[in-house]
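Q: Numbering (the UniProt record's numbering), first residue to last: 1 to 287.
Here it is, the structure, as structure tokens.
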């Protein structure tokens with residue numbers, strides 16, 4: 001009998017305290033506030049323009065994918081999607097090829113002069129983009145890169161490099177020098193030491209950096225709007241903004257395009273969430 005009482009107590013559910021109930025209520029409200037716009041756009045992507053304007057808060061009468069087909073047939077969304085993909089992938093490739101090696105050079109090779117170079121990169125984080133915007137547009141126009149994907153990639157590259165240098169330099173400080181010295185003793189050059197020895201050790205912070213930049217590049221609106229003129233389809237966010245007119249707006253296509261734009265971001269973060277959290281936590285400890 002005495003052994004059955006503890007078992008019964010274990011089976012009894014623990015009652016939530018008032019504080020726990022309040023926290024759960026706040027979290028539930030936050031989840032609802034964040035998910036409501038996405039759910040609203042998803043439901044309206046299956047409705048016609050007449051249904052949306054007649055009853056904006058109504059539910060779809062059926063599961064029709066006509067809006068998804070019209071989005072690619074009647075608009076430049078397909079070209080804008082390709083442009084966004086090219087800008088995102090191109091910028092990420094250049095960032096990974098340049099920034100980690102530059103940070104390693106600052107921390108390991110540059111000596112005392114590298115401190116000034118490091119401060120120069122950090123200064124890039126302190127100067128608002130709006131201050132640099134007009135000189136950048138003028139420079140891109142003079143060299144023939146205005147309204148080109150290459151120009152947009154270079155602008156993104158310059159903006160993200162400062163943050164990347166800060167992140168990688170903080171992480172490289174915790175990488176043991178003995179490993180690099182052993183590679184040099186074995187006859188490895190600087191490039192081989194970095195790419196075969198050091199870079200694999202930077203994968204945690206690299207994964208976090210790639211996810212942060214990929215989400216930022218994919219969802220960016222301002223830079224493509226400024227550096228791509230109206231003759232280009234722009235990126236997905238620019239294409240969606242052009243569907244909003246002064247007198248009429250293609251709301252059914254706007255909601256559909258917004259849902260398609262969200263999907264890659266959600267998939268990317270869901271697939272690499274653990275690497276992102278691990279990389280940021282390790283980077284914080286190293287820094």
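Glycine included, every Cβ here is placed at the ideal spot set by N, Cα and C.
Note that the coordinates shown come from a computational prediction; the quantities given were computed from them, not determined experimentally.
Hey, residue 68 and residue 250: beta-carbon distance below 9 angstroms or not?
A: Not a contact, by the Cβ cut-off of 9 angstroms.
Q: State buried or exposed for residue 231, treating a residue as buried only when at least 16 other CB atoms are found within 10 Å of its CB.
A: The residue is exposed, with fewer than 16 neighbouring Cβ atoms inside 10 Å.
Q: Thinking C-beta only, is residue 264 closer than 9 angstroms to residue 152?
A: Against a cut-off of 9 angstroms, the Cβ pair of residue 264 and residue 152 comes out as no contact.
Q: Check whether the Cβ atoms of residue 160 and residue 216 lie closer than 9 angstroms to each other.
A: In this structure, residue 216 lies closer than 9 angstroms to residue 160 by Cβ.
Q: Identify, in the order they occur along the chain, each residue of the same chain with its Cβ nearer than 7 angstroms to the Cβ of residue 140, setting aside the five sequence neighbours on each side.
A: So the qualifying residues of the chain are 146, 151 and 227.
Q: State the Cα-Cα distance for the pair residue 119 and residue 180, rounded to the nearest angstrom.
A: Distance between the alpha carbons of residue 119 and residue 180 is about 25 angstroms.
Q: Between the C-alpha atoms of residue 197 and residue 183, what's the straight-line distance to the nearest angstrom?
A: Their backbone Cα atoms lie some 8 angstroms apart in a straight line.
Q: Let's see if you can read the secondary structure: which residues bound the alpha helix (DSSP H) around residue 193?
A: Segment 190 to 193, the alpha helix (DSSP H) holding residue 193.
Q: Residue 189 and residue 100 - do their beta-carbons sit closer together than 9 angstroms?
A: Going by C-beta atoms, residue 100 is not nearer than 9 angstroms to residue 189.
Q: By a C-beta neighbour count over all protein chains shown, 10 Å radius and 16 as the cutoff for buried, is residue 274 buried or exposed?
A: Under this definition residue 274 is an exposed residue.
Q: What residue range does the alpha helix (DSSP H) around residue 121 cover?
A: Here the alpha helix (DSSP H) through residue 121 covers 113 to 126.
Q: In angstroms with no decimal places, state the Cα-to-Cα distance between residue 81 and residue 125.
A: Straight-line Cα distance between these residues: approximately 29 angstroms.
Q: In whole angstroms, give me the CA-to-CA distance for residue 38 and residue 56.
A: In a straight line, the C-alpha of residue 38 is about 15 angstroms away from that of residue 56.
Q: Relative to the alpha-carbon of residue 36, which residue among 131, 194, 259 and 137 has its alpha-carbon at the smallest distance?
A: The candidate whose alpha carbon is nearest that of residue 36 is 259.
Q: Please report how far the alpha carbon of residue 272 lies from the alpha carbon of residue 266, in whole angstroms.
A: Using only the alpha carbons, I get a separation of about 10 angstroms.
Q: Determine the DSSP secondary structure at residue 265, reduced to helix, strand or coil.
A: DSSP places residue 265 in helix when its eight states are reduced to three.
Q: Counting C-beta neighbours from all protein chains within 10 Å, is the total for residue 103 16 or more, i.e. buried, or is it exposed?
A: So residue 103 ends up on the buried side.
Q: At 3 residues or longer, and completely inside the region 17 to 66: list those beta strand (DSSP E) runs for me, N to C.
A: Segments of the beta strand (DSSP E) lying fully in the region 17 to 66: there are none.
Q: Measuring alpha carbon to alpha carbon, tell me which residue in 132, 268 and 31 is nearest residue 209.
A: Checking every option, the nearest Cα to that of residue 209 belongs to 268.
Q: If I measure Cβ to Cβ from residue 286 and keep anything under 7 angstroms in the same chain, skipping five residues before and after, which residues do I get?
A: Bear in mind that the predicted position of residue 286 carries a pLDDT of just 49, short of 50, making it unreliable; the figure below should be weighed with that in mind. If we look at residue 286 and ignore the five residues flanking it on each side, its Cβ neighbours are 170, 171, 173 and 174.
Q: Mapping DSSP to helix, strand and coil, what is residue 175?
A: It is coil, neither helix nor strand.
Q: Can you tell me which of 221, 244 and 185 puts its alpha carbon nearest to the alpha carbon of residue 83?
A: The residue with the shortest Cα to Cα distance from residue 83 is 221.
Q: Report the option in 185, 177, 26 and 134 whose CA atom is closest to the CA atom of residue 201.
A: With distances taken between Cα atoms, residue 201 lies closest to 177.
Q: Which residues in the same chain as residue 79 place their Cβ atom closer than 6 angstroms to its Cβ, once the five residues preceding and following it in sequence are excluded?
A: Hits under 6 angstroms: 233.
Q: Going by C-alpha to C-alpha distance, which of 105, 75 and 41 sits closest to residue 194?
A: The candidate whose alpha carbon is nearest that of residue 194 is 105.
Q: Please report the straight-line C-alpha distance between residue 214 and residue 256, rounded to a whole angstrom.
A: For residue 214 and residue 256, the distance between alpha carbons rounds to 22 angstroms.
Q: With a threshold of 16 other CB atoms inside 10 Å of the CB of residue 205, please say whether the residue is buried or exposed.
A: Buried.
Q: Just to confirm before moving on: does the CB-CB distance between residue 90 and residue 149 stay below 9 angstroms?
A: Cβ distance < 9 angstroms, so residue 90 and residue 149 count as in contact.
Q: DSSP three-state label for residue 249, please.
A: If DSSP states are grouped into helix, strand and coil, residue 249 belongs with the strands.
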